[in-house]
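So the sequence shown is numbered by my numbering: it starts at 139 and just counts up by one. Below is one structure; the comments refer to it alone.
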Amino acid sequence: MKYAAWLIFMLFSGCTVGPDFVRPQAPAADHYNHGGDSLSEKTQHFEGGVGPVANWWKLFGSEKLDAVVATGIAGNPGLQAAQASLMQSRDNLMAGYGIFYPQASFGGNAARHKFSPAEFGSSAPSPIFNLITLSASVSYALDIFGGERRTIENLQSQVDMERAFELGTYLALSGNLVNTAITVAAYREELRDTEKLVELQKAQVEIAEKQAQAGTVSYETVLSYRNQLASIEALLPPLRQRIDQAKHLLATLGGHAPSEYEVPEIAFSDISLPREIPLSLPSDLVRQRPDILAAEAALHAASANIGVATAALFPSFTLNAAYGQNATSMNGLFASKGSFWNLGTNIAAPVFDGGTLRAMRQASIDAYKQNLSLYRQTVLSALAQVADTIRALEHDAQTVKAESLALTSSEASLHLARANYSAGTVNYLQVLTADIQYRQARIGVLQARTQRLQDTTALFVSLGGGWRKSSGR
139 MKYAAWLIFM LFSGCTVGPD FVRPQAPAAD HYNHGGDSLS EKTQHFEGGV
189 GPVANWWKLF GSEKLDAVVA TGIAGNPGLQ AAQASLMQSR DNLMAGYGIF
239 YPQASFGGNA ARHKFSPAEF GSSAPSPIFN LITLSASVSY ALDIFGGERR
289 TIENLQSQVD MERAFELGTY LALSGNLVNT AITVAAYREE LRDTEKLVEL
339 QKAQVEIAEK QAQAGTVSYE TVLSYRNQLA SIEALLPPLR QRIDQAKHLL
389 ATLGGHAPSE YEVPEIAFSD ISLPREIPLS LPSDLVRQRP DILAAEAALH
439 AASANIGVAT AALFPSFTLN AAYGQNATSM NGLFASKGSF WNLGTNIAAP
489 VFDGGTLRAM RQASIDAYKQ NLSLYRQTVL SALAQVADTI RALEHDAQTV
539 KAESLALTSS EASLHLARAN YSAGTVNYLQ VLTADIQYRQ ARIGVLQART
589 QRLQDTTALF VSLGGGWRKS SGR
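Take a look at the structure:
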C-alpha cells in the first residue's frame with residue numbers, strides 16, 4: 139500500500155532532474171586597465187561606477203545628429219528583423235507552455251460500411267449499414283521528472299537570447315549611425331580645406347611660372363610645385379567618394395534607397411565632444427552588454443538541455459480518457475447503447491537503446507562546458523574592448539594636443555609671413571607656403587578630433603549603451 143501511495147505522490151508532485159542554472163559570477167575588478175582608468179587630459183573625464191545614459195548620442199549636442207539616429211532606428215530593416223525574431227521566440231515559448239494543460243480533441247466520422255461475415259466463418263449475407271461516430275478525447279502528460287519544465291526553460295533562454303540579439307542590433311545600429319554621421323561631417327570639412335589647398339597651390343604654381351620666365355627661379359622649382367599640386371588634387375576624388383559612400387550608408391541604415399534619402403547637412407563644428415563619460419564597473423558590464431547577455435542565455439539553454447536529456451532516461455507517464463457515441467443513424471446517435479469510453483494511463487520507459495540516451499546526456503554536458511568557455515571568452519573580449527577604447531581616448535587626446543600645437547605654430551607663422559609681406563621683406567610665394575602649411579595643420583587637427591569623436595562613440599557602444607534606460611527598449 140505504501141508503494142502505491144509513493145507512486146501516486148511521485149506522479150502528481152514530480153521533480154526536476156538536471157542542474158539548476160546559476161549565473162556566472164561577475165568580475166571582481168573595479169577597473170579595466172592595469173593601474174586604473176583615467177584621462178590625463180582634462181577635456182574629458184570618466185564618471186566611474188555610473189552606467190551609460192539613455193540615448194547617449196545626445197551628449198554630442200547636435201539636433202541634426204539626433205534626427206539622423208532617430209530616422210535610422212525607425213526604419214532599419216535589420217532591427218525590424220531582430221524584433222520579429224524576438225516575437226517569434228516569445229510565441230514559441232507560449233506554445234511550449236501548452237504542454238502543462240490537458241490536450242483535448244473532438245472528432246466525428248460518418249461512413250457507409252459493408253461487413254463480410256465470412257471473416258468469422260459465416261455464410262450469412264453481407265450487411266450494408268451506415269455508421270456515425272462522435273468522440274472526444276483528453277490526454278495529460280505528467281511531467282514527473284521535469285523534462286517538459288526544462289524544455290520550457292530552454293525556450294525562455296531562447297527568448298532571452300533573441301532579446302539580447304535585438305538589443306545588440308539596436309546598439310550596433312546607433313553606433314554605426316553616429317559614426318557615419320560624424321564621418322560625413324568630417325569628410326565635408328576636410329574636402330573644403332583640401333579644395334582651399336588646391337587653390338593656394340595653383341596660385342603658388344602661377345607665381346613660380348612667372349618667376350621662372352623672369353629668370354629668378356629655376357624651372358625645377360616650377361616642376362616641384364606642379365608635383366605638389368597634382369598630389370593634392372589627387373586627394374579630392376577619393377574624399378568625394380568617401381562622402382558619397384558614407385551618405386549611401388546612412389540612407390540604407392535608415393531603410394532608404396540612396397536615391398530616396400537626403401542626408402542632413404551636419405557641420406563638424408556643431409558636433410561637441412562629450413565631456414563627462416559614464417564608465418560602468420566590469421561587474422555591471424556583464425549584466426548590460428548584449429553580446430554577454432546572449433552568451434549567458436546560450437549557457438542557460440545548454441544547462442536546460444542537460445535536464446531534458448536526463449529526464450529522457452526516466453519513464454514518461456500520460457493520462458488518457460476518451461468518450462464517444464456510435465450509431466447507424468442520426469436518430470440513435472445519443473442512445474445509451476451506442477456509447478463507448480476508456481480511461482487509463484500510458485507508461486513508456488527506456489529499457490535498452492545501446493547507450494544512446496546516456497551518450498546524448500553526456501553530449502549535453504559537453505555542450506554546456508563549451509558554452510561556459512564561450513561565455514568566459516565573450517566577457518574577456520568585452521573587457522579588453524573597453525580597455526582598448528579607454529586607452530584610445532587617452533592617446534587621441536595626446537594626438538589632438540600635438541596637432542593643435544602644430545596648428546597654432548603654423549597660424550602664427552602665417553600671420554608673420556603676411557606682416558613681413560606687407561612690410562616688403564618677403565615675397566607672396568612665402569605667404570602662400572605658410573598658408574598651405576596652415577591648411578595642412580587644420581586638416582591634421584580635424585582628423586585627430588574626428589578620431590576622438592569616433593573613439594568616444596566606440597566607448598559608449600562597448601559599454602553596452604543605455605538601452606536599459608531608453609524608452610521602449
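Where is the CB? At the ideal position from N, CA and C, for every residue including glycine.
Euclidean distance between Cα positions of residue i and residue j
i: asparagine 230; j: valine 446; result: 17 Å
i: glycine 353; j: leucine 567; result: 15 Å
i: glycine 216; j: alanine 505; result: 29 Å
i: alanine 242; j: glycine 234; result: 16 Å
i: leucine 601; j: proline 165; result: 15 Å
i: valine 322; j: glycine 173; result: 37 Å
i: serine 397; j: glycine 313; result: 23 Å
i: arginine 425; j: threonine 154; result: 27 Å
i: aspartate 573; j: alanine 525; result: 40 Å
i: glycine 482; j: asparagine 464; result: 21 Å
i: arginine 301; j: phenylalanine 598; result: 20 Å
i: threonine 359; j: alanine 372; result: 20 Å
i: threonine 182; j: arginine 590; result: Residue 182 is actually glutamine in this sequence, not threonine. So the alpha carbons of these two residues sit roughly 11 Å apart.
i: glutamate 185; j: glutamate 414; result: 7 Å
i: glutamine 575; j: aspartate 168; result: 46 Å
i: alanine 596; j: leucine 521; result: 13 Å
i: lysine 252; j: leucine 269; result: 10 Å
i: lysine 227; j: alanine 435; result: According to the sequence provided, residue 227 is serine. The question's lysine does not apply to it. About 13 Å.
i: leucine 149; j: proline 162; result: Only weak support is given to the placement of leucine 149: the predicted model assigns it a pLDDT of 49, under 50, and the value that follows is read from those uncertain coordinates. Taking the straight line joining both Cα atoms gives about 34 Å.
i: phenylalanine 472; j: threonine 466; result: 11 Å
i: glutamate 333; j: threonine 571; result: 15 Å
i: phenylalanine 198; j: methionine 299; result: 31 Å
i: glutamine 351; j: alanine 540; result: 41 Å
i: lysine 475; j: threonine 494; result: 49 Å
i: lysine 607; j: methionine 232; result: With a pLDDT of only 49 at lysine 607, under the threshold of 50, the placement of this residue in the model should not be trusted; the figure read from the coordinates follows. Roughly 27 Å separates the two Cα atoms.
i: glutamate 400; j: glutamine 523; result: 34 Å
i: arginine 380; j: threonine 390; result: 15 Å
Opposing strand residues paired with residue i [DSSP bridges]
i: arginine 250; result: Asn268
i: glutamate 414; result: His183
i: alanine 459; result: Val276, Leu481
i: alanine 486; result: Ser454
i: glycine 245; result: Ser273
i: asparagine 464; result: Thr271
Rounded Cβ spacing between residue i and residue j (contact assumed at less than 8 Å)
i: asparagine 214; j: leucine 311; result: 5 Å
i: alanine 612; j: glycine 462; result: Since the first and last residues shown for the chain are 139 and 611, residue 612 lies out of range.
i: aspartate 408; j: lysine 202; result: 7 Å
i: arginine 288; j: alanine 442; result: 5 Å
i: isoleucine 528; j: glutamate 328; result: Their Cβ separation, rounded to whole angstroms, is 27 Å, which puts isoleucine 528 and glutamate 328 out of contact at 8 Å.
i: alanine 486; j: serine 454; result: 5 Å
i: threonine 456; j: leucine 280; result: 7 Å
i: leucine 309; j: glycine 603; result: 4 Å
Pick from the options that is closest to residue i, judged by C-alpha positions
i: glycine 128; options: Asn317, Pro416, Ala323; result: The first residue shown for the chain is 139 and the last is 611, placing residue 128 beyond what the model contains.
i: arginine 499; options: Leu531, Ala440, Tyr399; result: Ala440
i: arginine 326; options: Gln383, Gln221, Leu367; result: Gln383
i: alanine 432; options: Ala535, Asn509, Ser277; result: Asn509
i: leucine 423; options: Cys153, Met468, Leu518; result: Leu518
i: proline 402; options: Val207, Phe490, Leu417, Glu300; result: Val207
i: lysine 180; options: Ile345, Val538, Glu337; result: Val538
i: leucine 437; options: Glu400, Tyr513, Ala212, Ala395; result: Tyr513
i: alanine 586; options: Ile370, Leu391, Ile320; result: Ile320
i: phenylalanine 159; options: Glu291, Pro263, Ala262; result: Glu291
i: proline 428; options: Pro255, Glu304, Ala395; result: Glu304
i: isoleucine 237; options: Glu286, Pro265, Val276; result: Glu286
i: alanine 212; options: Leu554, Phe283, Ala222, Gly393; result: Gly393
i: alanine 222; options: Val297, Ser264, Ala535, Ala368; result: Val297
i: valine 191; options: Asn565, Leu377, Ser418, Lys348; result: Ser418
i: glutamine 536; options: Val583, Met468, Ile266, Ser277; result: Val583
i: alanine 405; options: Ser551, Gly187, Ser200; result: Ser200
i: alanine 248; options: Met468, Met232, Leu554; result: Met468
CB contact flag (residue i, residue j, <8 Å)
i: leucine 388; j: leucine 315; result: yes
i: leucine 272; j: glycine 246; result: yes
i: serine 416; j: tyrosine 170; result: A small fix is needed here, since residue 416 is proline in this sequence, not serine. No, Cβ-Cβ distance for proline 416 and tyrosine 170 is not below 8 Å.
i: arginine 556; j: valine 569; result: yes
i: arginine 364; j: valine 343; result: yes
i: isoleucine 430; j: isoleucine 503; result: no
i: phenylalanine 283; j: phenylalanine 452; result: yes
i: alanine 450; j: tryptophan 479; result: no
i: leucine 531; j: leucine 293; result: no
i: alanine 324; j: threonine 588; result: yes
i: glycine 156; j: threonine 448; result: yes
i: serine 264; j: serine 254; result: yes
i: alanine 579; j: leucine 545; result: yes
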